[in-house]
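In the working numbering, the protein residues as written are 19 to 241.
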């Protein structure tokens with residue numbers, strides 16, 4: 019199981035450092051429903067990751083190895099995911115705000131004040147399991163676990179660790195909020211502003227590094 023965790027760890031960190039969901043949960047913590055909406059968003063985030071992992075492991079797990087080696091299709095999948103992540107990296111970098119310009123955020127963030135618990139949970143699930151960038155990373159992480167060929171129970175445990183690591187970015191503001199109360203407000207505001215301004219560059223670097231790693235892994239498998 020250690021190999022499976024090691025193979026997926028970098029991708030899990032990429033999921034954890036995704037700026038938009040971190041900004042979203044910080045905004046939720048500034049609303050009157052912070053104590054219910056924040057945890058609901060985190061719960062939805064974990065459910066979204068769990069759904070992706072369950073599908074990938076159920077579909078890919080039984081056929082991801084051929085003998086003791088990863089199946090050929092795993093290499094092609096890694097190559098495709100890596101190429102898509104490189105395209106995302108280029109798009110993110112080209113879309114970064116120019117010097118002095120304010121970064122544009124998704125329009126739905128302006129309605130967070132009106133979110134209830136159900137909508138917060140649904141948004142968390144959508145951002146982790148349906149957002150294209152995070153979906154690519156989650157599929158890559160689950161595929162890396164599946165290719166090790168370990169038993170199904172160990173694959174599930176390894177992916178659970180992947181999901182926990184991938185949720186640290188969203189969970190951190192919640193921990194600060196509940197631990198420090200109002201004293202966390204300025205700290206979270208500074209984090210939100212910094213991540214909003216550098217969202218494109220952060221995602222470009224993450225997708226570039228992970229995409230290059232996946233392509234390298236694919237070439238090794240297919241070589």
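Note that the Cβ used here is the ideal one computed from N, Cα and C, for glycine as well. For clarity, every value in this text was computed on a predicted model and none was experimentally measured.
Run of the alpha helix (DSSP H) containing residue 53, from where it starts to where it stops: 52-78
Separation of residue 33 from residue 157, as counted between CA atoms: Here the alpha carbons of residue 33 and residue 157 stand approximately 11 angstroms from one another.
The segment 53-65 touching the segment 131-139, judged by at least three CB pairs closer than 8 angstroms: When C-beta atoms of the segment 53-65 are compared with those of the segment 131-139, three or more pairs fall below 8 angstroms, so the two segments count as touching.
Residues near residue 40 in its chain [Cβ-Cβ closer than 7 angstroms; skip 5 each side]: 187, 188, 191, 213
Buried or exposed (CB count within 10 angstroms, at least 16 for buried), residue 29: buried
Member of 232, 194, 184, 199 whose CA lies at the smallest distance from the CA of residue 35: 184
Bounding residues of the alpha helix (DSSP H) (the contiguous stretch that carries residue 208): For residue 208, the uninterrupted alpha helix (DSSP H) run begins and ends at 203-240, by DSSP.
Residue 65 and residue 146 closer than 9 angstroms at C-beta: Going by C-beta atoms, residue 65 is nearer than 9 angstroms to residue 146.
Helix, strand or coil at residue 112 [DSSP, three-state]: helix
Cα-Cα separation, residue 205 to residue 197: When only Cα atoms are considered, residue 205 and residue 197 end up about 13 angstroms apart.
Residue environment, residue 237, which counts as buried when at least 16 other CB atoms sit within 10 Å: exposed
Close-in-space but distant-in-sequence residues of the same chain around residue 179 (CB under 6 angstroms, 5 per side omitted): For residue 179, where only same-chain residues beyond five positions count, the Cβ hits under 6 angstroms are 23.
For residue 99, the nearest candidate out of 176, 172, 112, 154 (CA to CA): 154
Cβ contact (3+ pairs, closer than 8 angstroms) linking the segment 168-177 and the segment 110-118: Fewer than three pairs of CB atoms, one per stretch, sit closer than 8 angstroms, so the segment 168-177 makes no contact with the segment 110-118.
Among 151, 46, 240, 110, the one whose alpha carbon lies nearest that of residue 129: 46
Residue closest to residue 171, alpha-carbon to alpha-carbon, out of 72, 42, 223: Per the Cα distances, 72.
CB contact flag (residue 27, residue 107, <9 angstroms): Taking 9 angstroms as the cut-off, the Cβ atoms of residue 27 and residue 107 do not count as close.
Residue 120 to residue 219 span [Cα, whole Å]: Rounded to the nearest angstrom, the two C-alpha atoms are 14 angstroms apart.
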